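Just so you know, the sequence shown maps onto residues 107 to 400 in our numbering.
Virtual Cβ for every residue (Gly too), placed ideally from N, Cα, C.
Fair warning: this is a prediction, and the values are worked out from it, not measured in the lab.
Read through the structure below, which is laid out as structure tokens, and then see the notes.
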Amino acid sequence: MALAESKSLFTQRLSDYARLVRADKPIGAALLLWPMLWTLWLISSGKPDWRVLIVFIVGTFLMRSAGCAINDFADRGIDGAVERSRNRPLVTGAVSPKEAVMVAVLLSLISFLLVLTMNQLTVLLSFVAVGLAFLYPFTKRFTYWPQLFLGLAFGWAVPMVSAAQTETVQPVAGLIYLVAIVWALAYDTIYAMVDRPDDIKLGVKSTAILFGENDVVIVMGLQGVVFITMAFIAVVYDLSWPYCICAAVSAFILFLQWRLIRTRQPADCFRAFLLNNQLGGVLFLGIFLDYLIR
107 MALAESKSLF TQRLSDYARL VRADKPIGAA LLLWPMLWTL WLISSGKPDW RVLIVFIVGT
167 FLMRSAGCAI NDFADRGIDG AVERSRNRPL VTGAVSPKEA VMVAVLLSLI SFLLVLTMNQ
227 LTVLLSFVAV GLAFLYPFTK RFTYWPQLFL GLAFGWAVPM VSAAQTETVQ PVAGLIYLVA
287 IVWALAYDTI YAMVDRPDDI KLGVKSTAIL FGENDVVIVM GLQGVVFITM AFIAVVYDLS
347 WPYCICAAVS AFILFLQWRL IRTRQPADCF RAFLLNNQLG GVLFLGIFLD YLIR
């Protein structure tokens with residue numbers, strides 16, 4: 107009986123920690139992965155170093171999980187007043203603030219051990235990655251631009267993977283890093299539109315509040331910049347019909363996003379946010395198929 111209770115308690119603790127790091131909601135990790143994969147495939151001409159690929163896929167999931175833990179630690183005083191987050195483990199008491207910090211630190215250390223298998227430049231860049239990951243969750247207290255800081259953090263895998271693959275930060279990596287920042291600014295503004303009524307009451311800042319009635323126009327303008335810049339990169343790298351077809355599909359996804367967010371209804375905005383995973387995946391599919399048929 108005691109053994110069964112012990113197993114049940116262990117299983118429950120694992121479930122609590124899994125919810126803390128959003129293991130059941132992988133979209134955040136996917137949004138981190140896509141710009142990194144675009145970059146890696148382009149700079150390697152479709153033939154990436156598989157060791158680099160594996161390290162960055164695993165590291166992306168680890169650092170996204172660490173970021174979720176530190177985010178919940180930072181938001182532990184306000185999540186209970188927001189409909190979407192009121193059942194998070196730190197709010198319910200299933201996980202303590204100290205445990206959340208310990209999880210974030212442990213996952214970051216494991217990720218750092220993986221990075222140590224890469225070259226020196228990649229290791230040096232990883233310190234910036236950790237700093238951005240731990241800074242972002244606190245930015246909504248003092249600026250209306252936390253979504254910009256999210257973009258800086260989420261996109262940092264781009265220069266890192268370039269350094270790991272080529273021992274330098276390629277110009278295209280710098281350009282895709284800017285794309286990743288703009289893209290995150292767009293999709294996280296959509297995400298913030300879901301919580302805007304609660305955030306206004308709580309005094310939490312976001313670009314969704316800052317943009318006000320211009321939110322839809324600005325978001326779609328930012329998505330347009332992402333689309334046009336990726337088209338420019340496709341021309342420079344001579345990507346052909348597979349990418350063009352996928353780009354057309356991505357344009358349709360952007361149209362669907364506009365249809366959803368123009369209502370400004372939280373449920374529709376959340377559906378629009380989720381579409382960004384398909385957007386990033388479709389663009390990667392175009393790059394992947396293009397190099398596959400060469």
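Residues of its chain near residue i, where Cβ-Cβ distance is below 7 Å and the 5 sequence neighbours each way are ignored
| i | result |
| --- | --- |
| Leu395 | Pro348 |
| Val402 | Outside the shown range of the chain, which is 107 to 400, sits residue 402, and nothing can be said about it. |
| Gln384 | Ile359 |
| Asn177 | Pro243 |
| Phe167 | Ala135 |
| Thr228 | Val221, Met266, Ala269 and Ala270 |
| Ile393 | Trp144, Trp147, Leu148, Leu345 and Tyr349 |
Per-residue burial, residue i [other beta carbons within 10 Å of its own, 16 or more giving buried]
| i | result |
| --- | --- |
| Lys153 | exposed |
| Phe162 | buried |
| Arg149 | The sequence as given places Ile at residue 149; Arg does not occur at that position. It counts as buried. |
| Met107 | With a pLDDT of only 49 at Met107, under the threshold of 50, the placement of this residue in the model should not be trusted; the figure read from the coordinates follows. Label assigned to Met107: exposed. |
| Gly183 | exposed |
| Gly237 | exposed |
| Phe333 | buried |
| Phe260 | buried |
| Gly173 | buried |
Whole-angstrom distance between residue j and residue i, CA atom to CA atom
| i | j | result |
| --- | --- | --- |
| Thr145 | Glu273 | 14 Å |
| Glu189 | Leu258 | 27 Å |
| Gly318 | Ile399 | 46 Å |
| Ile359 | Tyr293 | 13 Å |
| Arg365 | Gly387 | 20 Å |
| Ala353 | Leu139 | 18 Å |
| Leu196 | Asp344 | 49 Å |
| Arg192 | Asp185 | 5 Å |
| Leu256 | Phe240 | 10 Å |
| Trp156 | Thr198 | 41 Å |
| Pro372 | Lys307 | 16 Å |
Neighbourhood of residue i by C-beta distance below 8 Å, restricted to the same chain and skipping five residues each side
| i | result |
| --- | --- |
| Ala175 | Leu126, Val127, Ala206, Val207, Val209, Ala210 and Leu213 |
Proximity test, residue i beta-carbon vs the ligand PLP heavy atom, cut-off 7 Å
| i | result |
| --- | --- |
| Ser346 | Ligands in the displayed structure: none, and consequently the ligand PLP is not present. |
Assumed close pair residue i, residue j - CB separation to whole angstroms, cut-off 8 Å
| i | j | result |
| --- | --- | --- |
| Gln363 | Leu381 | 5 Å |
| Val322 | Arg368 | 5 Å |
| Ile296 | Phe379 | 5 Å |
Own chain residues within Cβ distance below 6 Å of residue i, not counting five before or after
| i | result |
| --- | --- |
| Leu316 | Tyr250 |
| Met299 | Ala314 and Cys375 |
| Val355 | Val388 |
| Arg194 | Asp178 and Asp185 |
Chain C within 8 Å of residue i, Cβ atoms only
| i | result |
| --- | --- |
| Glu205 | Checking the listed chains, one finds no chain C in this structure; it contains a single protein chain. |
- prompt: Counting pairs of Cβ atoms below 8 Å between the segment 191–205 and the segment 237–248, do you hit three or more?
  reply: Using a Cβ-Cβ distance cut-off of 8 Å, the segment 191–205 and the segment 237–248 are not in contact, since fewer than three pairs of beta carbons, one from each stretch, lie closer than that value.
message: Check whether the segment 308–316 and the segment 249–257 are in contact - that is, three or more C-beta pairs closer than 8 Å.
response: yes
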